[in-house]
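Data first, discussion second: the structure below is written as structure tokens.
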Amino acid sequence: MCPCLYMVIPCYNEEKVLPITSEIFLNKMKELVSLGKVSKDSRIMFVNDGSRDKTWEIIKDLSQKEEYIIGICQSRNRGHQNAVLAGIMEAKDKCDITISIDCDGQDDVNAMNKMVDEYLEGAEIVYGVRSKRDTDTFFKRFTAETFYKLLNSMGAEVVYNHADYRLVSSKVLQEFENFKEVNLFLRGMFPMVGFKSTSVYYERAERVAGKSHYPLAKMLGLAFDGITSLSIKPLRIITGMGFVVALISFLGIIKFLLDKFMGNTVAGWASLVCILCMVSGIQMVCMGILGEYIGKIYMEVKGRPRYIISERTYQEQRDQ
Ligand code: UDP
Ligand code: MG
88 MCPCLYMVIP CYNEEKVLPI TSEIFLNKMK ELVSLGKVSK DSRIMFVNDG SRDKTWEIIK
148 DLSQKEEYII GICQSRNRGH QNAVLAGIME AKDKCDITIS IDCDGQDDVN AMNKMVDEYL
208 EGAEIVYGVR SKRDTDTFFK RFTAETFYKL LNSMGAEVVY NHADYRLVSS KVLQEFENFK
268 EVNLFLRGMF PMVGFKSTSV YYERAERVAG KSHYPLAKML GLAFDGITSL SIKPLRIITG
328 MGFVVALISF LGIIKFLLDK FMGNTVAGWA SLVCILCMVS GIQMVCMGIL GEYIGKIYME
388 VKGRPRYIIS ERTYQEQRDQ
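Under the working numbering, residue 407 is the last one in the sequence shown; the count climbs by one each step, no gaps.
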């Protein structure tokens, strides 16, 4: 029995890209079906993440023309991670495996053959890993590499150079459903689910059209979210820093007292101001980090839905 595959593809303002890449995904799906690697009821599921352009119209149009293509629409833009989650959760009871992939043509669809093979050999999660980053600018490469190193040094288990191109079996998704957090960082969460996993390597290309939705500020935001969602190490660092500053202050106090008793009481304005600035600076940073975690707790406590599907290109069967 060959598995039923759902490709899950998040799209946000991709009207320039979709007509080109939908063709690529469709050809790959047809190839996988004809090779007997996946079953005929497999589907390509586009997730429209509240696009403001014609993306949803294009998806609806494609779904009418092509049996393999279906689409769901989010009620508004919620970001890449939530769009992927909406897609894989929607797909989880309909298929045996999902493969999430960006819709901009940067990830090589040919790696899917190997991914499915790995699944058939027993892996439940297969990470798509970029073998090199030649097409990225030096800056993007540098920031991305620093990001992975930082994440791992903070204790978050993230596969190096793996983005959100991955095969996940429905068995894993059934368990993943219990990970209820609102602050999503999928690539760091799947390793926590466990199960047998492996990696497949591919070369990442350039976007076929359009612009990246991850400018520097958003990338830094994702890096920060990644760290604070997966690790409490920064809090430990703050505690450590607190001890160090306290120790230095203690030594300083001894020195100043000694100075006083020895009669060298020069007006220590400069040293006082320096210490004051340093300590208050450190305190501000620490409070910021604490605030970051409190903000996360606040969002988690609210427990708002992580995605809301407003439309589908197909009829959803109701649970009785
Ligand atoms: N995306 C999305 N919602 C967003 C931003 C991006 O669904 O709010 C999708 C986008 O359409 C693409 C994928 O996420 O398929 C990755 O985005 P992008 O290519 O802009 O990021 P990059 O590859 O530059 O990191
Ligand atoms: Mg991209």
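C-beta: ideal position from N, C-alpha, C; glycine also.
Please state the DSSP three-state secondary structure of residue i.
| i | result |
| --- | --- |
| residue 159 | strand |
| residue 191 | coil |
| residue 94 | strand |
| residue 198 | helix |
| residue 206 | helix |
| residue 407 | Caution is warranted here: a pLDDT of 47 is assigned to residue 407, below 50, making its placement in the model unreliable, and the coordinate value is therefore given only provisionally. Residue state, collapsed to three classes: coil. |
| residue 252 | strand |
Grab the span of the alpha helix (DSSP H) containing residue i for me, first residue to last.
| i | result |
| --- | --- |
| residue 339 | 320 to 348 |
| residue 257 | 257 to 263 |
| residue 315 | 303 to 317 |
| residue 230 | 225 to 240 |
| residue 393 | Premise fails: residue 393 is in no alpha helix (DSSP H) and is neither H nor E. |
| residue 289 | Taken as a continuous stretch (DSSP letters only), residue 289 belongs to no alpha helix (DSSP H), being part of the beta strand (DSSP E) at 284 to 289. |
| residue 280 | 273 to 280 |
In terms of residues, what are the limits of the beta strand (DSSP E) holding residue i?
| i | result |
| --- | --- |
| residue 213 | 212 to 217 |
Give the C-beta separation of residue i and residue j to the nearest angstrom, bearing in mind that I take them to be a contact with Cβ-Cβ under 8 angstroms.
| i | j | result |
| --- | --- | --- |
| residue 155 | residue 139 | Not confirmed; about 27 angstroms, so no contact. |
| residue 213 | residue 109 | About 23 angstroms separates the two Cβ atoms, so there is no contact after all. |
| residue 171 | residue 251 | 6 angstroms |
| residue 203 | residue 124 | 5 angstroms |
| residue 104 | residue 295 | 6 angstroms |
| residue 256 | residue 184 | 5 angstroms |
| residue 400 | residue 219 | Residue 400 to residue 219, Cβ: 37 angstroms. No contact. |
| residue 132 | residue 99 | Contact flag wrong, Cβ pair sits at about 15 angstroms. |
| residue 113 | residue 153 | 6 angstroms |
| residue 215 | residue 287 | 6 angstroms |
| residue 312 | residue 343 | At roughly 43 angstroms, the Cβ-Cβ gap does not stay under 8 angstroms, so residue 312 and residue 343 are not in contact. |
| residue 237 | residue 310 | 7 angstroms |
| residue 336 | residue 160 | Rounded, the Cβ-Cβ distance is 57 angstroms, inconsistent with contact. |
Run the proximity test for residue i: is its beta-carbon closer than 7 angstroms to any non-hydrogen atom belonging to ligand 3?
| i | result |
| --- | --- |
| residue 294 | Of the ligands one can find in the structure shown, namely ligand 1 and ligand 2, none is ligand 3. |
For this session: With a floor of 4 residues, list each alpha helix (DSSP H) that falls wholly inside the region 119 to 187, ordered by position along the chain.
Result: 142 to 152 and 167 to 178
Problem set entry | the region 195 to 211 touching the region 278 to 291, judged by at least three CB pairs closer than 8 angstroms | yes
For this session: Would you check if there are 3 or more beta carbon pairs closer than 8 angstroms linking the region 231 to 249 to the region 306 to 317?
Result: yes
Problem set entry | Touching by the beta-carbon criterion (3+ pairs, under 8 angstroms), the region 209 to 221 and the region 112 to 121 | no
Exercise. Is the region 222 to 235 touching the region 260 to 270 in the sense that three or more CB pairs, one from each, lie closer than 8 angstroms?
Worked result: no
Exercise. Are there three or more Cβ pairs, one per stretch, closer than 8 angstroms when the region 385 to 401 is compared with the region 169 to 182?
Worked result: yes
Exercise. Does the region 276 to 283 come close enough to the region 233 to 242 that 3 or more CB-CB pairs lie under 8 angstroms?
Worked result: no
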